[in-house]
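Residue numbers (this note's numbering): 629 to 695. Built from N, CA and C at the ideal position, the CB exists for glycine as well.
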Amino acid sequence: MNSIYDLRQFLQKCGAFVYTGDRLGDLELFEIELKQLYEWNMIDVKTFQQGMLIIKKEISDVKKAKS
């Protein structure tokens, strides 16, 4: 998993389809879904960490673009 696209595809394979029309809202929902998958032991710690890094970077990029 190297990009937000990869993360979206991964979450869809797990049954989480996220699209609100708001980029920041989508990213926040990605984060919630990823945390739940980890808490339910459906993903390992490495996958969780990779996903969180991707989300945090993308959130930072979106906030910079809005400034």
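Item: Cβ-based neighbour list, Gln678, same chain, cut-off 6 Å, excluding 5 preceding and 5 following; Value: Met629
Item: DSSP state of Ile632 mapped onto helix, strand, coil; Value: helix
Item: First and last residue of the uninterrupted alpha helix (DSSP H) at Tyr679; Value: Sequence check: residue 679 is Gly here, not Tyr. Segment 673-694, the alpha helix (DSSP H) holding Gly679.
Item: For Asp650, three-class secondary structure by DSSP; Value: coil
Item: Nearest candidate by alpha-carbon position, reference Ile676, set Cys642, Lys663, Thr648; Value: Contrary to the premise, residue 676 reads as Phe rather than Ile in this sequence. That would be Lys663, whose Cα lies nearest to the Cα of Phe676.
Item: DSSP-derived helix/strand/coil call for Phe645; Value: coil
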